[in-house]
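Written below as structure tokens is the structure these notes are about.
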Amino acid sequence: MTLVRRGILTGLLSALAGCSPAALLNTTVSRKGYTLQADIAYGPLPRQKLDLYTPEMPRPDGKTVVFFYGGNWDSGAKSDYLFVAQALAARGIAVIIADYRLYPEVRFPAFIEDGAMAVRWAADTIGTDKLFLMGHSAGAHIALMLAVNTPYLAAADVERMKLRGVIGLSGPYDFLPLTSRTLQEIFGGPSRPETQPITFAKAPLPPALFIHGTADTVVKPGNSERLAAAWRAAGAQVGLKLYPDVDHIDVVGAHAALLRARTPTLADVTAYVDSH
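Okay, structure coming up:
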């Protein structure tokens, strides 16, 4: 790798570090191949809005990914994740990226309730049986809290078991006790099992795919390993992909063409959508 290219990659990865806004990556992404409908309201509040990316050459089956971004439940914006939407839309998969309320405006479970409302909009617009939920980091926590055996989607009048599947990228699913003061404030204490997806990983469960890098020091890969084991114990369909020497940011950043050689995330996600 040339020094110039290495410098570009270092700068891009720095922009992504800690799930911070990834607008720099978006400068490398084509604006062709999809139609964007931005800022569609799924609720009455300012952050209850979503973006819909419709491929110019959509799949005939209408499969759609609802993507929740990460950011420690206190940061992030849907517009930062164009690079994820463009990568999937280029493969004929429609993408919905939803904003949700963040700490300190709200605490658990408000951001999950917002996620459920966004999925309700998608179910009404697209059809529940065409939807995959997907998230990275804190967004994977939201996606999985909706997919496991919790009442959040039912409260939004969505039939959880009609989902095509759920895809978790580098997600925190079993991370108690909380040692961070901020996380304790977000989740209402250091050891509340009702905040953890693994607590509710009981039958029935929709199909799932978990992807994690073994070099992830932000969210340890054991989170995905333990949740995949719980999925199997519940008799549900599950896949687990562990990428050697891959870190927390590479897993999502590799949707962008410039970083795609770093991990097979996009290929694995696309294959999973194809097969379900």
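Residues 0 to 275 in numbering that gives the first Met the number 0 are what the sequence shown lists, from first letter to last. All C-beta atoms, glycine included, are put in the ideal place defined by N, C-alpha and C.
Can you tell which of the options has its C-alpha closest to the C-alpha of residue i?
| i | options | result |
| --- | --- | --- |
| G69 | A142, A207, V94, K48 | A142 |
| L24 | S274, T216, D128, A255 | A255 |
| G138 | G170, A229, E112, L44 | G170 |
| G188 | F107, A86, R46 | F107 |
| H335 | R191, A109, G61 | Outside the displayed range of the chain (0 to 275) lies residue 335, so it cannot be described from this structure. |
| T216 | T194, E193, G114, D244 | D244 |
| E55 | S136, R30, E193, V218 | R30 |
| T149 | R261, T198, D246 | T198 |
| A22 | P59, A153, F82, Q36 | F82 |
| V105 | P220, L44, I125 | L44 |
| S136 | K219, R58, L175 | K219 |
CB residue i to CB residue j, shorter than 7 Å?
| i | j | result |
| --- | --- | --- |
| V251 | G212 | no |
| V268 | P205 | no |
| V147 | A200 | yes |
| N222 | Y151 | no |
| V272 | I92 | yes |
| T27 | L257 | yes |
| M116 | Y41 | yes |
| I185 | W72 | yes |
| R163 | F131 | yes |
| L265 | A84 | no |
| A202 | A233 | yes |
| I277 | L168 | In this structure the chain extends from 0 to 275, so residue 277 is not present and cannot be described. |
| A229 | L239 | no |
| D283 | R46 | Beyond the ends of the chain as shown, which are 0 and 275, falls residue 283; an answer cannot be given. |
| M144 | P103 | no |
| A337 | G32 | The requested residue 337 does not occur in the structure, where the chain is confined to residues 0 to 275. |
| A270 | D246 | no |
Pick helix, strand or coil for residue i, following the three-state DSSP scheme.
| i | result |
| --- | --- |
| K219 | coil |
| F209 | strand |
| L226 | helix |
| T181 | helix |
| A270 | helix |
| G114 | helix |
| I248 | helix |
| P20 | The pLDDT assigned to P20 is 45, lower than 50, so where the model puts this residue is not dependable; a value taken from the coordinates is nonetheless given after this. In this structure, P20 counts as coil in the three-state DSSP scheme. |
| D38 | strand |
| V83 | helix |
| Y102 | coil |
| A242 | One point to set straight first is that residue 242 is Tyr, not Ala, in the sequence displayed. Looking at Y242 - three-state DSSP - the assignment turns out to be strand. |
| Y151 | helix |
| T262 | coil |
| R119 | helix |
| E193 | helix |
Looking at the strands, I want to know which residues DSSP matches up with residue i.
| i | result |
| --- | --- |
| M56 | Paired residues: none, contrary to the question. |
| I95 | L51, V65 |
| A89 | None, per the DSSP bridge assignment. |
| I166 | M133, L208 |
| V237 | A207 |
| Y33 | P54 |
Just to confirm, does residue i get its C-beta within under 6 Å of one of the non-hydrogen atoms of the ligand SAH?
| i | result |
| --- | --- |
| V245 | The ligand SAH is not part of the structure shown, which contains no ligands of any sort. |
Query - Cβ contact check for the region 104 to 123 and the region 59 to 78: 3 or more pairs under 8 Å - result: Yes, the region 104 to 123 is in contact with the region 59 to 78.
Query raised in the report: Between the region 154 to 168 and the region 177 to 188, do three or more beta carbon pairs fall short of 8 Å?
Result: Cβ pair count under 8 Å is below three, so no.
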